[in-house]
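For reference, the structure discussed in these notes is given below.
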Amino acid sequence: MEKKLEDSLFSGAAEADYKAKDSDVFDECIPLVQSTYSEDQLNDKEEPFSVVEQFTTSQPVKSTNNVVLEDEVESDYMNPYVSIRQEKEKSYIHEESAATALTREPVQPTPEAEEISAAPACNISNVVESVSVPSMPDAAKECIQIEQIFKDYGLVESLIYWRDVKKSGVVFGGGLALLLAMSLFSLISVFSYLSLLLLFGTISFRIYKNVLQAVQKTSEGHPFKEYLDMDLTLSQEKVQQLATVAVAHVNSVLTGLRRLFLVEDLVDSIKFGVLLYWLTYVGAIFNGITCVMIGDYRKVRHEAYSCKMSKPQSDVDKRKQISVRGIAQLEDVNEIKKDFNRHLHYTLVKDRNVATVRDYYFALAHTVKDHLVSRWIRTQQYYYEKDPKRVYYLSLEYYMGRSLQNTMINLGIQTACDEAMYQIGLDIEELEEMEEDAGLGNGGLGRLAACFLDSMATLGMPAYGYGIRYEYGIFAQKIRNGEQVEEPDDWLRYGNPWEKARPEYMIPIHFYGRVIDTPEGKKWVDTQTVFAMPYDNPVPGYGNNVVNTLRLWSAKSPIDFNLKFFNDGDYIQAVLDRNLAENISRVLYPNDNFFEGKELRLKQEYFMCAATLQDIVRRYKASKFGSRDAVRTSFDDFPNKVAIQLNDTHPSLAIPELMRILLDDEKLSWDKAWDIVVRTCAYTNHTVLPEALERWPVSMLQSILPRHLEIIYHINFLHLQEVEKRFPGDFGRMRSLSLVEEDGEKRINMANLSIVGSHAVNGVAAIHSEIIKKDIFKSFFEMTPEKFQNKTNGITPRRWLLLCNPGLSDLIAEKIGDQWPVHLEQLQQLKKWSKDPTFQRAVARVKQENKLKLAQLLEKDYGVKVNPASMFDIQVKRIHEYKRQLLNCLHIITLYNRIKRDPTANFTPRTIMIGGKAAPGYYIAKQIIKLICAVGNVVNNDPIVGDKLKVIFLENYRVTLAEKIMPAADLSEQISTAGTEASGTGNMKFQLNGALTIGTLDGANVEMAEEMGNENIFIFGMTVEEVEDLKCRGYNAYDYYNSNPDIKQCVDQIQGGFFSPGNPHEFQDLANVLLKYDRYYLFADFESYIKTQDRVSAVYQDQPKWLEMSINNIATSGKFSSDRTIAEYAREIWGIEPSWEKLPNPGVAK
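Here the sequence shown is numbered in UniProt numbering, starting from 1 and rising by one per residue.
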């Protein structure tokens, strides 16, 4: 009976049936090696389940039947079941040994066993379960069964070694195709396409078989009946088996990895290393496999959109998205890729083989512009249909910076563009770096105008910006041997993809000539003509489908070439004369805050004003979109349809020019024309420095603009009549209120003209507005107090937080939602988290990441390695004496001297950065730059100082560089003499990005302190009243020099050649300014400044306190949004209401 039982258990039929029964479970789980049991062991009929653990001994191991076992297979290190088997073997050996010692009698078969021996051999599982073998544990039986299956069905091994070429080719070829598909499409897309392919195949086969059966008149039934009847349910036994196999595989992998990493076998470990190296390339190519990739933030964004859009998101989930910019839609990405390739081929006429990075930038810019155009046209159509009151912002400067990223953000397509470029294989940040800054401004004035345009579009206002399209913007600054060298900023040399020339609206502008009297009135004749060609630039609002227009004028010569020049020999001269006429729009004048009347500058101002006013009148007359016919003939409604804002005195010639048009061209009476002009125009003052106010010589105006001088004279005549009525006999007042200054050369005061010809006059900060009322324009305020207002400046949060600091933007959106870019006052909600350690750590992490980026930039561009853990102390603005970069420099020298005196003292490490451009003709400003560079050279190369102090002058400071600096700053230096800075906007940008401010009570600093509280800002120095008192008492710099050792040491080092050993008298002029000619009282504020800086250092070491102050700065920056400023202009000056209503999507039919 025993013999029959063993034959039944190990018969070939039973084995085959066993394999057939369980192959569907184990085919996918077989290990890469065979069983550790030799065939002799497995076929040993005397002891069928006798398993002996292999011992490390030189003697052969014998079985219980004294049969020598040969080690015929590989070691057990890769056997996934060895640990299970060995445990069971040990217990079984002990049990068997004990049983053998007690009795040697053979085990008699039970009746049940006899029945089994007579049973068919086809159901081996029932046989095994029915056999009563008390000496064999169940787990050991299970291990043997599994190992036998893996021995006979080494599927994975056979696939790897290509034993069946067809099967391996199908498996690996299909896997490669799947990887390639997932590298191009999302996981969901790949699954959907494969499923659709399978479904298409099965449906097609079913139809084919049905047709075939109908033709052959057979009834074979459903073609997939065999598979439909197949039992796919998992029994409990199969689940247990699968779990056992899974655990065994995990153990096997861990054991194998330990062997490979700890180099048990050198050859195997080297092979493993080669495999890992190859996988790095596979991973780089097939990055679409996973939605979560650790490390690169941008890769996370690229992968996130493919999985996050597969399910609806709650408001909380939306706040926790990878970016406040949202997740790209697949269809948007594909559309952008298609448009990008179209522009590369058809607009730039390039292919990928020859295209440069700049070509790719232009292709992307044109692609983004495509999204603008329909909105741009629809916006202008909307304005013509509604005929609202339009705002015209006149400024000679627009410091726009780059447009690509700002446009993508405002249109809501940045993530889609980013993803599209990534899929194409391009780095969008590299493309963005190819764009030239549109540097059509000197600093704060031009940057403010750019922010205002952004806010007017975001608030849905029908507004137009007007300026000049300078061929050369603000000069490019180079620092060579510590000195500023100016290079031309040829920002148009590669073209401008954003602008659209409008030659059909070209306007003639007249200069020189003379004025004659005719029966119809005055006539300006014998003039020289220059044409103004308009170039339109789109200004998109944030997320509202509004696109306004910035129209910039370019000078074009009217001279036509004539063949007679060849005969006369004057052809070359005619060409040269043509170029002279076009010089009007050639270059932007640098601003040194000191007016110097130059003929070209006057021509520029009138050129812009004349072209703009003619364009405004043309648009007012036309009421139908695209019409150039004059429909309106009455100007009675002009002030109700037109608001003109003069950005400083540069466009003040708009007042006499509008008078000239209404008087000479439209034939209105003087009184009516003057009433229209005053009700239409408003003036913003931007400076309190008297020397910066424009005063044009009468002789120059007489030559270039004779008709306008006549108009100005008549305006002044009527104005002084009103003064005489109000203040009879007060000649001093009449002199101060006159538009014509009689002292020395007779000049026209353009600020006075602007006040008289406007219905509203405003300053740009509360303290500035008070100064112009009490000091600069005191007489005008006393005569017409109702005109004077305050409109504190602001900055656009879209560029100065959302664009330049995405990490902080996302952190804020997580806390308060994503509406703050258009409602910056919502940042107040952050106050509740100012003391929260978790939020503080998150803010600190964002700041540190930004500092690391800036540190890398500094090392790359300046060769100075800075400590990212140091305090980043930054002062960036135009170099001017009143902005007191020299005071900052004195502090640097003081810190250096302290470190040298006691290197072991506890110093807060600082990296001090100063940046800004000096006007080319401003000698003292250029000397200040040279001194800062010289001090930095000494400090940075002193080994005793080390990382405690670094000094860097930031070359060629501009908008793009500011976007990198602001997010990384810890401390913002706003240290102008109280009463000299009108407002400042750099202070607001630093505050919005979490930097703390050290400053005087000047400009917008006063209102910043009011908003955040004095406990969150470092205020030092004299107030405006104290400055005036010191001025009255008399300021003697030597008093401070002799009484303060630190001041004396600093000045002596400057004038003694310590920082210029090659030329000891290099900075003598600066020392003389400090000691003899200082109008901005540096020494008077020095002691207070140094003490406050020491307090800054102490607070910086208390990071929780510093971060609390930083968060409070961010939370209270809502007031300083340019949206708030523009809303006040609109309601209180222009007479229109801002609108947050979104225009219809241009993709949807009206």
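Using N, Cα and C, we set each Cβ at its ideal position, and we do this for glycine too.
> Apart from the five residues on each side of it in sequence, which residues of its chain come closer than 8 Å, Cβ to Cβ, to Leu-1143?
Replying inline: Excluding positions up to five away in sequence, the list reads Arg-375, Arg-378, Thr-379, Tyr-382, Gly-460, Asn-544, Asn-545 and Val-546.
>> Taking only three categories from DSSP, how would you classify Trp-833?
In response: The three-state reading of DSSP puts Trp-833 in helix, counting H, G and I together.
>> What ranges does the beta strand (DSSP E) occupy inside the stretch 364 to 397, keeping only unbroken runs of at least 3 residues that lie completely in it?
In response: For secondary structure counted as the beta strand (DSSP E) over 3 or more consecutive residues, the stretch 364 to 397 holds these complete runs in sequence order: 390 to 394.
> Taking the alpha-carbon positions, what's the Leu-1070 to Met-1008 distance?
Replying inline: In this structure, the alpha-carbon of Leu-1070 lies about 32 Å from that of Met-1008.
>> Does Ser-219 pass the burial test, meaning 16 or more other C-beta atoms within 10 Å, or should it be called exposed?
In response: Exposed.
> What are the complete alpha helix (DSSP H) segments, minimum 4 residues, inside the stretch 1070 to 1147?
Replying inline: Whole alpha helix (DSSP H) segments, 4+ residues: 1082 to 1101, 1103 to 1115 and 1122 to 1129.
> What residue does the beta strand (DSSP E) around Ala-532 start on, and which one ends it?
Replying inline: That run of the beta strand (DSSP E) goes 528 to 540.
> Based on the DSSP secondary-structure assignment, which residues constitute the bridge partners of Ala-995?
Replying inline: Partner(s): none; Ala-995 has no beta bridge.
>> Closest to Gly-1013 by C-alpha separation, out of Glu-1128, Tyr-957 and Met-1109, would be which residue?
In response: It is Met-1109 whose Cα lies nearest to the Cα of Gly-1013.
> Does the Cβ-Cβ distance between Ser-764 and His-686 come in under 8 Å?
Replying inline: Reading off the sequence, residue 764 comes out as Val, not Ser. A contact, by the Cβ cut-off of 8 Å.
> In this structure, does DSSP put Phe-475 in helix, strand or coil?
Replying inline: In this structure, Phe-475 counts as coil in the three-state DSSP scheme.
> How about Leu-658 and Leu-709: are their beta carbons less than 8 Å apart?
Replying inline: Judged by their CB atoms, Leu-658 and Leu-709 are not nearer to each other than the 8 Å cut-off.
>> Please report the distance separating the alpha-carbon of Trp-674 from that of Lys-725.
In response: Distance between the alpha carbons of Trp-674 and Lys-725 is about 19 Å.
>> Between Met-400 and Ala-457, how many whole angstroms is the CB-CB distance? I'm expecting something under 8 Å.
In response: Not confirmed; about 13 Å, so no contact.
>> Does His-222 pass the burial test, meaning 16 or more other C-beta atoms within 10 Å, or should it be called exposed?
In response: Exposed is the call here.
> Any idea what DSSP makes of Tyr-923, helix, strand or coil?
Replying inline: Residue state, collapsed to three classes: helix.
>> Under 8 Å, with one C-beta from each stretch per pair, do the stretch 791 to 809 and the stretch 1092 to 1102 reach the 3-pair mark?
In response: Touching, no.
> How long is the line joining the alpha carbons of Asn-251 and Ile-413, rounded to whole angstroms?
Replying inline: When rounded, the distance between both Cα atoms is 48 Å.
> Taking the alpha carbon of Cys-1032 as the point to measure from, which residue in Thr-529, Tyr-1081 and Gly-273 has its own alpha carbon closest?
Replying inline: The candidate whose alpha carbon is nearest that of Cys-1032 is Tyr-1081.
> Got a sec, what are the start and stop residues for the alpha helix (DSSP H) His-708 sits in?
Replying inline: Segment 706 to 726, the alpha helix (DSSP H) holding His-708.
>> Could you tell me the alpha carbon to alpha carbon distance between Ile-816 and Gln-828, rounded to whole angstroms?
In response: The straight-line gap separating the alpha-carbon atoms of Ile-816 and Gln-828 is approximately 10 Å.
> Closest by CA to Gly-1135, which one among Leu-448, Gly-1021, Phe-1086 and Pro-639?
Replying inline: When only C-alpha atoms are compared, the closest one is Pro-639.
>> Suppose you measure from the CA of Asn-956 to the CA of Gly-921; what does that come to, to the nearest Å?
In response: Rounded to whole angstroms, Asn-956 to Gly-921 spans 17 Å at the Cα level.
> Of all the options Ile-712, Asn-442 and Leu-895, which has the alpha carbon lying nearest to the alpha carbon of residue 1197?
Replying inline: Since the first residue of the chain shown is 1 and the last is 1150, residue 1197 is not available in this structure.
>> If you measure between the beta carbons of Leu-662 and Leu-668, is that distance less than 8 Å?
In response: A contact, by the Cβ cut-off of 8 Å.
> Using the rule of at least 16 other Cβ atoms within 10 Å of the residue's Cβ for burial, across every protein chain shown, is Leu-275 buried or exposed?
Replying inline: Answer is exposed; the Cβ neighbour count stays below 16.
>> Using the Cβ count rule (16 or more neighbours within 10 Å means buried), how would you classify Thr-57?
In response: Any reading at Thr-57 must be qualified, since the residue scores a pLDDT of 39, below 50, and its modelled position is unreliable; no value is offered.
> Looking only at C-alpha atoms, which of Ile-812, Pro-497, Val-368 and Ile-712 sits nearest to Tyr-535?
Replying inline: Taking only the C-alpha atoms, the option nearest Tyr-535 is Pro-497.
> Is the beta carbon of Asp-810 less than 8 Å from the beta carbon of Phe-872?
Replying inline: No, the Cβ-Cβ distance between Asp-810 and Phe-872 is not below 8 Å.
> How is Phe-511 classed by DSSP in three states: helix, strand or coil?
Replying inline: Here Phe-511 sits in strand by DSSP.
>> Here's the rule: buried if 16 or more other CB atoms are within 10 angstroms of the residue's CB, otherwise exposed. What is Gly-916?
In response: Looking at its Cβ environment, which holds 16 or more other Cβ atoms inside 10 Å, Gly-916 is buried.
> In whole angstroms, what separates the C-alpha of Glu-582 from that of Gly-441?
Replying inline: Rounded to the nearest angstrom, the two C-alpha atoms are 20 Å apart.
>> Does the beta-carbon of Gly-794, which I'm using as the reference point, lie nearer than 7 Å to any heavy atom of the ligand MG?
In response: Of the ligands one can find in the structure shown there are none, so the ligand MG has no counterpart to examine.
> Helix, strand or coil: which one does DSSP assign to Glu-741?
Replying inline: In the three-state DSSP reduction, Glu-741 falls in the strand class (E or B).
> Does the distance from the CB of Leu-364 to the CB of Leu-431 come in under 8 Å?
Replying inline: Judged by their CB atoms, Leu-364 and Leu-431 are nearer to each other than the 8 Å cut-off.
> Per DSSP, Ile-914 forms a beta bridge with which residues?
Replying inline: Ile-914 pairs with Gln-875 and Phe-953.
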